[in-house]
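**Q** I'd like to ask some things about the structure below.
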Amino acid sequence: MRMSRLLVRTLREAPADAEVASHQLLVRAGYIRRLASGVYTYLPLGVRVLHNIERVIREELDAAGCQELLLPALHPIELWEQSGRADLFGTEAMPAMVVHGRGGDFVLGPTHEEVVTVTVGAEIESYRQLPVTVYQVQVKFRDEARPRFGLLRTRELVMADAYSFDVDKEAMQQSYGSVFDAYVRIFGRLGLEVFPVEAHSGAIGGDVNHEFMVPSVVGEDHFVQCASCGYAANVEAAERRMEPDLPSGGGAAATDPPPALVDHHTPDRPGIAQVVAYFADQGDQEVTPADLMKSLAIMDNDGRATLLLVPGDREARLPNGWRLFEDEDFASHPSLVKGYIGPVGQQQHGIRVVADLGIRRAGMWMTGANQKDHHVSGVTLDRDFTVDEWGSFVEVETGDLCPRCGQTVGLVRSVEAAHTFQLGYRYSEVMPGSTFVAEDGSEGRFSMGCYGMGVSRLLAVVAEEHHDDRGLVWPEEVAPYQVHLLSLGAGRSPEVATAADELYAGLLAGGVAVLYDDRDASPGVKFKDADLLGLPTRVVVGQKGLDRQLVEWRSRATGEERELAMADAVAELSAD
RNA sequence: CGGGAAGUAGCGCAGCUUGGCAGCGCGCCUGCUUUGGGAGCAGGAGGUCGGGGGUUCAAAUCCCCCCUUCCCGACCA
Numbered sequence: 153m154r155m156s157r158l159l160v161r162t163l164r165e166a167p168a169d170a171e172v173a174s175h176q177l178l179v180r181a182g183y184i185r186r187l188a189s190g191v192y193t194y195l196p197l198g199v200r201v202l203h204n205i206e207r208v209i210r211e212e213l214d215a216a217g218c219q220e221l222l223l224p225a226l227h228p229i230e231l232w233e234q235s236g237r238a239d240l241f242g243t244e245a246m247p248a249m250v251v252h253g254r255g256g257d258f259v260l261g262p263t264h265e266e267v268v269t270v271t272v273g274a275e276i277e278s279y280r281q282l283p284v285t286v287y288q289v290q291v292k293f294r295d296e297a298r299p300r301f302g303l304l305r306t307r308e309l310v311m312a313d314a315y316s317f318d319v320d321k322e323a324m325q326q327s328y329g330s331v332f333d334a335y336v337r338i339f340g341r342l343g344l345e346v347f348p349v350e351a352h353s354g355a356i357g358g359d360v361n362h363e364f365m366v367p368s369v370v371g372e373d374h375f376v377q378c379a380s381c382g383y384a385a386n387v388e389a390a391e392r393r394m395e396p397d398l399p400s401g402g403g404a405a406a407t408d409p410p411p412a413l414v415d416h417h418t419p420d421r422p423g424i425a426q427v428v429a430y431f432a433d434q435g436d437q438e439v440t441p442a443d444l445m446k447s448l449a450i451m452d453n454d455g456r457a458t459l460l461l462v463p464g465d466r467e468a469r470l471p472n473g474w475r476l477f478e479d480e481d482f483a484s485h486p487s488l489v490k491g492y493i494g495p496v497g498q499q500q501h502g503i504r505v506v507a508d509l510g511i512r513r514a515g516m517w518m519t520g521a522n523q524k525d526h527h528v529s530g531v532t533l534d535r536d537f538t539v540d541e542w543g544s545f546v547e548v549e550t551g552d553l554c555p556r557c558g559q560t561v562g563l564v565r566s567v568e569a570a571h572t573f574q575l576g577y578r579y580s581e582v583m584p585g586s587t588f589v590a591e592d593g594s595e596g597r598f599s600m601g602c603y604g605m606g607v608s609r610l611l612a613v614v615a616e617e618h619h620d621d622r623g624l625v626w627p628e629e630v631a632p633y634q635v636h637l638l639s640l641g642a643g644r645s646p647e648v649a650t651a652a653d654e655l656y657a658g659l660l661a662g663g664v665a666v667l668y669d670d671r672d673a674s675p676g677v678k679f680k681d682a683d684l685l686g687l688p689t690r691v692v693v694g695q696k697g698l699d700r701q702l703v704e705w706r707s708r709a710t711g712e713e714r715e716l717a718m719a720d721a722v723a724e725l726s727a728d
């Protein structure tokens, strides 16, 4: 491609709305342009990068035996009513956008479980046709509450997602493993370090699932990593080890004998922070969040009223399916007084008590008195309350102990670049046609998996992880062109112009993806633009080199420079 | 959705406090000169000062409403 004809314009300064490096550079170098908040146009250079990422994904998924199809982006709303997820529209869990057409209401597909299930279900009649894994690469739509960081979080995004269909759970897990492995290979080819972590499943559903986390300073997530044994998990799913006798930095040490319960009048002070502030204002007694026990009224996934106890200085981590009490739940369980909840005597009211292991450490606690505007201190395990079930119910923090090996873990800031789910029967149970004749003649239902990867987000992540202060530095797999050919002073030197034109023609004939900067621009401009665009190899044709029948070769990534004989240049560059 | 900031030429910004010709740098166009790390000179084009309403002889500037964008938080497939 001749740069004089390429639809690209580089900017010396980044637009004020671009904050992070990948966003600034992609805009400055002319790869993308913003159309609206979270909606971007891919200019020719950007499209080539996008297509390269897609090519890598296709190659690996094809190699793993997956078959590509293309599903509609426009979904009849009835399809989502059948899965029950239409109820979530407009909520934070499923910010889908609905459009009204002549044929009824449609959803701009935010994800494709419903569509793919009915599509594949209609084609599969027998277990003999299974397993099958399909995938697609297409645009999806999400009405993001807050688009961010250029392509990292958008309202319209390109995703690649695969869906596996198997005869049973064991077979599904096989398929899951094979796509999982393909995903790991894809990240490797894109030049990204990735950590598949155990995670929550959110609105997609299913049991086992993994997020593919790429460590990055622009990440919106953190994952927990153990340097010694390799344990890695999302903070929402991570557990920690807690030795019963190990102090965890909270609560008051138990005295012997334990002191009596002390009631404190704490008017209008629901919540840990307010109580701490209240005692700080009073001045007669210092109370820290760690002295308090956080008592949360929960509906668990079986609909049981449950009291969850965690140390007051820790964030509670609710298991999948659990939710906080709503007003009507409080109304039907009067023993739990919103804002002043405590564990004392709750089992007598039919409340199950579960507690984080951090509560078990020797200690007594201040907590709600189950009476409005009152807290109570000196609350002691076994004497004043008992626990029905222990577990790890707090978000893991740096310095906590690895649940696997007991060493300390750390939090790593990262971008969620892909998410894979073992769905099981979540969709095949509710979507019509998701049955097949099993080997024994009975009716079977698909055990499914789904595997989503953010293609446009990956473009941003690769740019984020591969740039320097002068511009982008694309890995070869994704670079829009491999060679950036510059002619210097071609306007005044017919010899340079001819040599550069011939080299360009030779590279094209040799099948090299080459971008030819044939513009009538000064050398400085061409060098700066070449650095900014970030193609792997730069080749300069100038009078200086031509006098010795040489062209100059330079690696964008390493800065390494070589001189190539004019006569060998095409062969050498084609071999790369 | 809560908090904060900002909208003036394609991009980056000044002007607003104290109302009075709409500016600067880069980019763009023409010509000449230049040419190995974002060249020089000369000439030129380009504006709904985010939108609407109000105050005033007069509004980019003061007042009210709205829209948009970005950042922090919440949330997130």
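To get this note's numbering, take the position in the first sequence, counting from 1, and add 152.
Glycine is no exception: its CB is placed at the ideal position from the N, C-alpha and C atoms.
Quantities reported herein were computed from a predicted structural model and do not represent experimental measurements.
Quick one: what does DSSP say M155 is sitting in, helix, strand or coil?
**A** Here residue 155 refers to the residue found at position 3 of the first sequence. In the structure shown, M155 sits in coil (DSSP, three-state: anything other than H, G, I, E or B).
**Q** Quick check on the burial criterion: 16 or more other C-beta atoms within 10 angstroms. Buried or exposed for N453?
**A** Position 301 of the first sequence holds residue 453. Looking at its Cβ environment, which holds fewer than 16 other Cβ atoms inside 10 Å, N453 is exposed.
**Q** Alpha carbon to alpha carbon, how far is S368 from L638? Give it in angstroms, no decimals.
**A** For this step, residue 638 is matched to residue 486 along the first sequence. For this step, residue 368 is matched to residue 216 along the first sequence. Cα to Cα, the separation comes out at about 33 angstroms.
**Q** Do the CB positions of L344 and R609 come within less than 8 angstroms of each other?
**A** Working through the first sequence from its first residue, we reach residue 344 at position 192. Working through the first sequence from its first residue, we reach residue 609 at position 457. No; because the gap between Cβ atoms is not below 8 angstroms, this pair is not in contact.
**Q** Count the C-beta pairs between the segment 335-350 and the segment 638-648 that are closer than 8 angstroms, then say yes if the count reaches three, no if not.
**A** Output reads no: the segment 638-648 does not touch the segment 335-350.
**Q** Using CA atoms only, rank isn't needed, just tell me which of L187, L260 and G256 is closest to M249.
**A** Taking the first residue of the first sequence as position 1, residue 249 is located at position 97. The residue with the shortest Cα to Cα distance from M249 is L260.
**Q** Touching or not, the segment 594-608 and the segment 381-396, by the rule of three or more beta carbon pairs under 8 angstroms?
**A** No: the two stretches stay apart, fewer than three of their Cβ pairs being nearer than 8 angstroms.
**Q** Can you tell me whether DSSP reads Q325 as helix, strand or coil?
**A** Taking the first residue of the first sequence as 1, we reach residue 325 at position 173. In this structure, Q325 counts as helix in the three-state DSSP scheme.
**Q** Identify which residue in C218, G711 and A682 has its Cα closest to the Cα of V160.
**A** The sequence position of residue 160 within the first sequence is 8, counting from 1. Selected option, being the one with the closest Cα: A682.
**Q** Buried or exposed, going by whether 16 or more other CB atoms sit within 10 Å of the CB of K292?
**A** By 1-based counting over the first sequence, the position of residue 292 is 140. It counts as buried.
**Q** So which of T538, E467 and V489 has the shortest CA-CA distance to Q499?
**A** By one-based count along the first sequence, residue 499 stands at place 347. Ranking T538, E467 and V489 by Cα distance to Q499 puts T538 first.
**Q** DSSP beta-bridge partners for P348?
**A** As a position in the first sequence, residue 348 is number 196, starting the count at 1. Answer is F364.
**Q** Taking just the CA atoms, how far does H227 sit from V267?
**A** Working through the first sequence from its first residue, we reach residue 267 at position 115. Working through the first sequence from its first residue, we reach residue 227 at position 75. Roughly 7 angstroms separates the two Cα atoms.
**Q** Using a Cβ distance threshold of 8 angstroms, determine whether the segment 277-288 contacts the segment 168-184, with at least three qualifying pairs required.
**A** The segment 277-288, when compared against the segment 168-184, does not touch it at the 8 angstroms Cβ threshold.
**Q** Could you check which residue in Q290, A351, L163 and A297 has the C-alpha nearest to that of G242?
**A** As a working note, residue 242 is residue 90 in the first sequence. Among Q290, A351, L163 and A297, the Cα nearest to that of G242 is on A297.
**Q** Please work out which residues of its chain come closer than 6 angstroms, Cβ to Cβ, to H571, disregarding the five sequence neighbours upstream and downstream, and give them in chain order.
**A** The count along the first sequence starts at 1 and reaches residue 571 at position 419. Excluding residues within five positions, the ones whose Cβ falls inside 6 angstroms are E363 and G604.
**Q** Alpha carbon to alpha carbon, how far is L460 from P486? Give it in angstroms, no decimals.
**A** Sequence index remark: in the first sequence, residue 486 carries index 334 (1-based). Sequence index remark: in the first sequence, residue 460 carries index 308 (1-based). Near 16 angstroms, if we compare the C-alpha coordinates of L460 and P486.
**Q** Would you call the segment 461-468 and the segment 438-447 in contact, with 3 or more CB pairs under 8 angstroms?
**A** Contact between the segment 461-468 and the segment 438-447 is present, because at least three Cβ pairs lie under 8 angstroms.
**Q** Going by the CB atoms, is the gap between D552 and Y392 shorter than 8 angstroms?
**A** For this step, residue 392 is matched to residue 240 along the first sequence. For this step, residue 552 is matched to residue 400 along the first sequence. Rather than Tyr, the amino acid found at residue 392 in this sequence is Arg. A contact, by the Cβ cut-off of 8 angstroms.
**Q** According to the Cβ coordinates, are V625 and A709 closer than 8 angstroms?
**A** What you label residue 625 is simply residue 473 of the first sequence in a count that begins at 1. What you label residue 709 is simply residue 557 of the first sequence in a count that begins at 1. Contact: yes.
**Q** In chain order, which beta strand (DSSP E) runs of at least 3 residues are fully inside the segment 427-476?
**A** Qualifying beta strand (DSSP E) stretches, in chain order: 445-451 and 457-463.
**Q** Leaving out the 5 sequence neighbours to the left and right, which residues in its chain are closer than 7 angstroms to L221 when beta-carbon positions are compared?
**A** Here residue 221 refers to the residue found at position 69 when the first sequence is read from its first residue. Contacts found: V286 and Q288.
**Q** Could you tell me which residues DSSP puts in a beta bridge with Q574?
**A** Start at 1 with the first residue of the first sequence, and residue 574 comes out as number 422. Paired residue(s): G601.
**Q** Spatial neighbours of E350 within its chain, please: C-beta separation below 7 angstroms, excluding the five flanking residues on both sides.
**A** Within the first sequence, the letter at position 198 stands for residue 350. Once the five neighbours on either side are set aside, the close Cβ partners of E350 are H362, A385, N386 and A389.
**Q** My assumption, with CB atoms under 8 angstroms, is that I450 sits in contact with W474. Please give the rounded CB distance.
**A** One-based indexing of the first sequence puts residue 450 at position 298. One-based indexing of the first sequence puts residue 474 at position 322. Going by Cβ atoms, the distance from I450 to W474 rounds to 5 angstroms, so yes, they are a contact pair.
**Q** Could you tell me which residues DSSP puts in a beta bridge with R690?
**A** As a working note, residue 690 is residue 538 in the first sequence. For R690, which the question treats as bridged, DSSP gives the partners H636 and R706.
**Q** Please list the terminal residues of the continuous alpha helix (DSSP H) segment that includes D481.
**A** Start at 1 with the first residue of the first sequence, and residue 481 comes out as number 329. Unbroken alpha helix (DSSP H) run through D481: D479 to S484.
**Q** For K696, count neighbouring C-beta atoms within 10 Å of its own C-beta (all shown protein chains included) and say buried if the count is 16 or more, exposed if not.
**A** Along the first sequence, read from residue 1 onward, the residue named residue 696 stands at position 544. So K696 ends up on the exposed side.
**Q** Near R456, what residues of its chain come up, given a Cβ to Cβ distance below 6 angstroms and the 5 sequence neighbours on each side ignored?
**A** Position 304 of the first sequence, counting from 1, holds the residue named residue 456. Excluding sequence neighbours, R456 sits near R504.
**Q** Pop quiz: V564 and H374 are said to be a contact at Cβ under 8 angstroms. What is the actual Cβ separation, rounded to whole angstroms?
**A** On the first sequence, residue 564 is found 412 positions in, with the first residue counted as 1. On the first sequence, residue 374 is found 222 positions in, with the first residue counted as 1. Right, the Cβ-Cβ distance comes to about 6 angstroms (below 8 angstroms), so this counts as a contact.
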